[in-house]
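Everything on this sheet refers to the single structure shown next.
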C-alpha cells in the first residue's frame, strides 16, 4: 500500500472553481427568502473579479442553500493523535 500526500485545500478550491457555474444555476433556481439572500450575495460577486471574493460568495450561498451556518459547514481543525501529541511534548 502506497501513501501519498494530497493537497486538500488546493484540490477543494480547484473543484469549487470548476463547479461554480453549476452551483450558480442551482442557486438561481431557489426561490423565497433564501433565493433573495443568495441573489444579493451573487450581485456582489458579479461586481468583483477577485477569485477569493467569488469563492467566498459561492460558499456563503451554499450555506444558505443547505440552511446551515457557515461556521459549522466549513471549519478548520487540527486532530492530534495521542502518540504524536506525546512525541511533540518531548
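Numbering (the numbering used here), first residue to last: 1469 to 1558. Yeah, the Cβ is synthetic: ideal placement off N, Cα and C, and Gly gets one too. No experiment lies behind these values; they were computed from the predicted model shown.
For this session: Could you have a look at residue 1483 and say whether DSSP puts it in helix, strand or coil?
Result: helix
Exercise. Considering only C-alpha positions, which residue in the set 1501, 1507, 1474 is nearest to residue 1491?
Worked result: 1507
For this session: Counting only the same chain and skipping the five closest in sequence on each side, list residues whose C-beta sits under 8 Å from that of residue 1558.
Result: For residue 1558, the predicted structure reports a pLDDT of 44, less than 50, and the residue's modelled location is therefore unreliable. The matter cannot be settled from this model.
Exercise. With DSSP run on the structure shown, which of helix, strand or coil describes residue 1557?
Worked result: The pLDDT assigned to residue 1557 is 49, lower than 50, so where the model puts this residue is not dependable; a value taken from the coordinates is nonetheless given after this. Looking at residue 1557 - three-state DSSP - the assignment turns out to be coil, as it is neither helix nor strand.
For this session: Quick one: residues in its chain with C-beta nearer than 6 Å to the C-beta of residue 1522, no 5 flanking neighbours on either side, listed in chain order?
Result: 1513
Problem set entry | First and last residue of the uninterrupted alpha helix (DSSP H) at residue 1499 | Membership of residue 1499 in any alpha helix (DSSP H) is not indicated, and neither H nor E is assigned to it by DSSP.
Problem set entry | Three-state secondary structure (DSSP) of residue 1534 | Coil.
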